[in-house]
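4 protein chains.
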Amino acid sequence: MRKPVIGVVGTSNDSSPAVDVALKLGKLIALEGWIVLSGGRDAGVMRAVSRGAKEVPGSLTIGILPSQSSDVAPDIDVAIVTDLHNARNNVITLSSDVVIACGIEGPGTTSEIALALKNNKRVIVIGATEAARTFFEEVAGGKLIHVKTPEEAIQALLAVFTGGRRK
Amino acid sequence: MRKPVIGVVGTSNDSSPAVDVALKLGKLIALEGWIVLSGGRDAGVMRAVSRGAKEVPGSLTIGILPSQSSDVAPDIDVAIVTDLHNARNNVITLSSDVVIACGIEGPGTTSEIALALKNNKRVIVIGATEAARTFFEEVAGGKLIHVKTPEEAIQALLAVFTGGRRK
Amino acid sequence: MRKPVIGVVGTSNDSSPAVDVALKLGKLIALEGWIVLSGGRDAGVMRAVSRGAKEVPGSLTIGILPSQSSDVAPDIDVAIVTDLHNARNNVITLSSDVVIACGIEGPGTTSEIALALKNNKRVIVIGATEAARTFFEEVAGGKLIHVKTPEEAIQALLAVFTGGRRK
Amino acid sequence: MRKPVIGVVGTSNDSSPAVDVALKLGKLIALEGWIVLSGGRDAGVMRAVSRGAKEVPGSLTIGILPSQSSDVAPDIDVAIVTDLHNARNNVITLSSDVVIACGIEGPGTTSEIALALKNNKRVIVIGATEAARTFFEEVAGGKLIHVKTPEEAIQALLAVFTGGRRK
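Spelled out as structure tokens, the structure:
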């Protein structure tokens, strides 16, 4: 029985408030004994979520890198190098049991949420704007789970797994 | 000097009004002497845009197929078979000089627009809803070009090319 | 009914004798009215095969490029940009009805032949060495078709198509 | 500092002698504290190498799966689902510090060795036939390391890492 893999996506901008959210979220996911998967680069949400996870002894962090020349975040345990560039976003979603977005600040995260939905994955968004909620309600009819904090995201994950919807 | 390649994306739903838009758009693109590139499957916008293009003698239609087992639309001249499934959406955007979306009805088209923006491609959307406009303004700050009809899309394409922004 | 697509692979080394073979082969394929597909870069067999094809009026050349930053050969009509790097070799084989290798000089061409066989494509090799013949006989039991010249490759292609084995 | 990742490739044929080689090899790699990466499917060398590794407490096994519908080997700890089909072979090689082939029995393994060489990875082959040795000498001039047993493969790995050639 494999451990659940939680994909965490979000901005590569180091000065976004999403970075602190990701740091906290990574730790909380690891405390549940789940694996943290991200885009693996040494920037923004990718770096923070793996750093948070590695505060927990025995945690495991996987990075799905776009390119052979990408800088890998220091707290990534296993670097999967795809050389697929932006198409690696699809591999992130396919390899995750559930995808969590720490906000939606740019087209990269937007593509990851859209691909996750297209691949029939559950998606949790922390702190979506009103515009994002309205848009995704229109294109994906209620499939996104909206929460405000990392703690609420963990509760939502537990509900997904309890509901037998892990896939 | 290669001919411009116009990527056209949109729903695979055959009963969407976007199908008629795509049929008209395909013909107009071909009349300009440009190449029509799409997802290539025998459904919805993909089938319609290549059908419209092939009403014009000498036109060329390229389909970027997700899988070896995909049904190819009858008016596709060259089928590029990727076996990349949803990651083929990235190849569609990278191979296009400009991407035109015939509406945004689901997560597939959303992913294509987002990947196009991530790849620094110009994107024209025909008939975006208010919610879509607001959301993409938020994540991509004015990079989408909004129009209402296929004819206006052609005018926008001509403006892009004249502006020297073909890339 | 789509025209047959012939994938041509081989070295990117401009000083290989395979370059002259590819130039001749491209012209002969185009004279049959078939589409020439290659790796699309401005080097070696890729450049030569599209140049040969474009000596024939009405011919069509497709290039499957590894990267957004690849230089495209001047005689490519349609550049499919994959950003998949070496994984684009798989797309070359999947998009071809038959694959022809102009010799086997390095690991790139080896990977293309192997992927073509794995994808159940017919593969014709022009001028394989004895070592290559023996090895591929061992791993693919008689599936390669060996010929010595571009003219013989065309005869082999015609036999494949007549035999109803186009797929 | 990430642990070395050893990619192990080979036939999916359950009755090949390579299966016993892979079982032993997986255990030996895990005993060194290295991560075992494979194609992840529930067949042949992929299943055996992860089974061997999991005999060692604290070991870690990664599977790079071709498709969402692939059966995952029972001893895989983390399943990376690519939906790239045969193009996932490139991801296997890129994500490995060194690739070890348990024999070369078909075009799949051939493609993995060729892609690994193309990506400038060190490749160790256990029990290559004379034909395979001669062919790869021709296309890759001495870049393959040939050994006869799993124990010798570990010695070769240690020599690679000591030689500072890990990349």
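Chains as they are written, first to last, in numbering that gives the first Met the number 0: chain A, 0 to 166; chain B, 0 to 166; chain C, 0 to 166; chain D, 0 to 166. Note that the Cβ used here is the ideal one computed from N, Cα and C, for glycine as well.
Starting from residue i and walking both ways along the alpha helix (DSSP H), at which residues does that stretch end?
i	result
I28/D	17 to 30
G6/D	First-last for G6/D: 4 to 8, but that is the beta strand (DSSP E), not the alpha helix (DSSP H).
T108/A	106 to 117
G102/A	Here G102/A belongs to no alpha helix (DSSP H), and DSSP marks it neither H nor E.
R46/A	43 to 52
T133/C	129 to 139
R121/C	Taken as a continuous stretch (DSSP letters only), R121/C belongs to no alpha helix (DSSP H), being part of the beta strand (DSSP E) at 121 to 125.
V77/D	Looking at the DSSP string, V77/D is not in any alpha helix (DSSP H); the run it does join, the beta strand (DSSP E), is 77 to 80.
R87/C	87 to 93
If I measure Cβ to Cβ from residue i and keep anything under 7 Å in the same chain, skipping five residues before and after, which residues do I get?
i	result
R164/B	Residue confidence for R164/B is low, a pLDDT of 49 falling below 50, so the modelled location carries little weight; the figure read from the coordinates is stated next. Once the five neighbours on either side are set aside, the close Cβ partners of R164/B are R121.
R46/B	A72
H84/C	P65, S66
S14/B	none
D172/C	Here chain C comprises residues numbered 0 to 166, so residue 172/C is not present and cannot be evaluated.
K23/B	G51, P149
G162/D	none
L136/C	The residue asked about is misnamed: residue 136/C is Glu in this sequence, not Leu. No residues qualify anywhere along the chain.
Confirm, please, whether the CB-CB distance from residue j to residue i is below 8 Å.
i	j	result
I99/D	I61/D	no
G43/D	V18/D	yes
R87/D	I63/D	yes
I75/B	G39/B	yes
G48/A	S94/D	Looking at the sequence shown, residue 48/A is not Gly but Val. No; because the gap between Cβ atoms is not below 8 Å, this pair is not in contact.
I91/B	G6/B	yes
A113/B	A113/A	yes
If I measure Cβ to Cβ from residue i and keep anything under 6 Å in the same chain, skipping five residues before and after, which residues do I get?
i	result
A139/A	L116
V8/B	A100, T108, E111
K166/C	Low local confidence applies: a pLDDT of 45 at K166/C is under 50, so the model's placement there is unreliable, with the coordinate-based value given in what follows. So no residue of the chain qualifies.
S58/B	A29, A52
S11/A	A42, G43
P16/C	none
Using alpha carbons as the reference points, say which of the options lies closest to residue i.
i	options	result
N89/B	V71/A, S94/A, P65/A	P65/A
A127/B	L157/A, I5/A, F134/A, E111/A	F134/A
Q154/A	G141/A, L93/A, I125/A, E137/A	I125/A
G141/B	V4/A, I5/A, G105/A	G105/A
L157/A	E31/A, D41/A, G57/A	E31/A
R1/C	S11/B, K53/B, M0/B, G6/B	K53/B
F160/C	I123/C, P56/C, E137/C	I123/C
N118/C	S37/B, E136/B, D82/B, A21/B	D82/B
What are the boundary residues of the beta strand (DSSP E) that residue i is part of?
i	result
S37/A	34 to 37
L143/C	143 to 146
V71/D	From DSSP, V71/D is part of no beta strand (DSSP E); its letter is neither H nor E.
A155/D	From DSSP, A155/D is part of no beta strand (DSSP E) but of the alpha helix (DSSP H) over 149 to 161.
L64/B	60 to 64
Cβ of residue i versus every heavy atom of the ligand COA: is any distance shorter than 7 Å?
i	result
A131/B	As far as ligands go, the structure on display features none, and thus does not contain the ligand COA.
Excluding the 5 residues flanking residue i on each side, which residues of the same chain have their C-beta closer than 8 Å to its C-beta?
i	result
V55/D	K26, A29, L30
- Query: Using 8 Å as the Cβ pair cut-off and three pairs as the minimum, do the region 23 to 30 of chain B and the region 138 to 153 of chain B touch?
  - Reply: yes
- Item | Members of the region 71 to 94 of chain D near chain F, C-beta cut-off 9 Å | Here the protein chains are A, B, C and D, and chain F is not one of them.
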